[in-house]
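Notes for the one structure printed next.
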Amino acid sequence: MKFITITLALFTSTILFSQEIDTDYTKNKKKAIKFEFFSPLTGNSTFGYESYIKDWLSWEAKLGIIGWGVGAANDIHQSGIFIKGGPKFKLNPDFVTDDLKGAHLLSGKYIRPEIVFSQYTEDVGDFFGNSFETERESFTSFAFLITYGRQYILANIMTLDYHFGIGYGYVSGREGRYSYSHSNGGSDFPIAFSTGFTIGFLLK
Numbered sequence: 007m008k009f010i011t012i013t014l015a016l017f018t019s020t021i022l023f024s025q026e027i028d029t030d031y032t033k034n035k036k037k038a039i040k041f042e043f044f045s046p047l048t049g050n051s052t053f054g055y056e057s058y059i060k061d062w063l064s065w066e067a068k069l070g071i072i073g074w075g076v077g078a079a080n081d082i083h084q085s086g087i088f089i090k091g092g093p094k095f096k097l098n099p100d101f102v103t104d105d106l107k108g109a110h111l112l113s114g115k116y117i118r119p120e121i122v123f124s125q126y127t128e129d130v131g132d133f134f135g136n137s138f139e140t141e142r143e144s145f146t147s148f149a150f151l152i153t154y155g156r157q158y159i160l161a162n163i164m165t166l167d168y169h170f171g172i173g174y175g176y177v178s179g180r181e182g183r184y185s186y187s188h189s190n191g192g193s194d195f196p197i198a199f200s201t202g203f204t205i206g207f208l209l210k
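Structure representation (C-alpha cells):
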C-alpha cells in the first residue's frame with residue numbers, strides 16, 4: 007500500500023509541474039472535503055474536512071466509520087468510530103515565482119500535530135483446548151501524532167494528499183494492535199503511527 011501511495015504521489019507531481027501557475031489567491035478555493043482512498047481495504051471508511059485559516063495555516067479533521075469496509079478486513083465484524091484532527095502548518099509552497107508566491111493556499115508540504123480517539127468492538131478469537139472460539143470485545147484507543155505530508159491541488163478542483171505520522175499511543179485490552187485510525191505498540195513500547203492517501207474536492 008505504501009508503494010502505491012508513493013507511486014501515485016510521484017505521478018501527480020509530474021503532472022503538476024506541467025500546469026500553469028496562477029498566483030491570484032482570490033480565486034483559490036479554501037475548503038475541501040476528502041476521502042481516505044484505501045481506508046475501505048482496512049475495515050473502515052474515513053472522511054475528512056479541511057479549511058484555510060490564514061497564510062501557512064489551516065485545520066483538518068477526520069471521521070472514520072469502522073465497519074464500512076470491504077474484503078477480509080470485515081471478517082471480524084468490527085463496528086465503531088474514530089475521530090482525529092489538528093492544525094496543519096504549511097512548510098513551503100509547491101511552486102515559487104519571482105515574487106515568492108505559491109501555486110495554491112492549500113498546496114505544499116506540511117506538519118500536522120493531531121489528537122486521535124478510537125472506540126470500537128470486534129470479534130476476537132482464541133484457542134480453548136482443541137477448539138477455536140470468538141468473543142466480542144470493546145477497545146478504546148488514544149494517540150498523539152506528528153504527521154508529515156504533502157498536498158497537491160489539481161486545477162483548483164481536486165486535492166491529492168499523502169501523509170504519515172508517528173507519536174505516542176494507548177489502546178485498552180490486548181497490546182499492540184491496529185486501531186483503524188492508527189496502529190499501536192504495546193505498553194513497553196507505546197509508539198503509534200499512521201499513513202494514508204486522500205483524494206478530495208475543493209469548496210468555495
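Numbering (our numbering), first residue to last: 7 to 210. Even glycine gets a Cβ: it sits at the ideal position worked out from N, Cα and C. All values reported here derive from a predicted model rather than from experimental measurement.
- In its chain, beyond the 5 residues on either side, Gln-84, Ser-85 have a beta carbon closer than 6 Å to the beta carbon of Gly-73.
- In the structure shown, the three-state DSSP call for Lys-33 is helix.
- Annotation: the continuous beta strand (DSSP E) that includes Ile-72 extends over 63–72.
- Among the bridge pairs identified by DSSP, Gly-155 is matched with Tyr-116, His-169.
- Around Ile-152, the same chain offers Ile-117, Pro-119, Gly-171, Ile-172, Gly-173 as residues with beta carbons nearer than 7 Å, after the five sequence neighbours per side are excluded.
- Among the bridge pairs identified by DSSP, Phe-203 is matched with Tyr-168.
- Judged by their CB atoms, Phe-203 and Tyr-154 are not nearer to each other than the 7 Å cut-off.
- Residue state for Ala-79 is assigned as helix, using DSSP reduced to three classes.
- C-alpha of Ser-200 to C-alpha of Ile-89: approximately 13 Å in a straight line.
- In this structure, Gly-175 sits near Ala-149, with a CB-CB distance shorter than 7 Å.
- Leu-111 is a Cβ neighbour of Asn-34, given a cutoff of 7 Å.
- Across the set Ser-147, Thr-146, Asp-132, the C-alpha of Asp-132 shows the shortest separation from the C-alpha of Thr-140.
- A residue is called buried once 16 or more other Cβ atoms fall within 10 Å of its Cβ, and Gly-192, having fewer, is exposed.
- Distances from the alpha-carbon of Gly-77 to those of Gly-206, Pro-46, Tyr-184 put Pro-46 closest.
- Residue state for Ser-45 is assigned as helix, using DSSP reduced to three classes.
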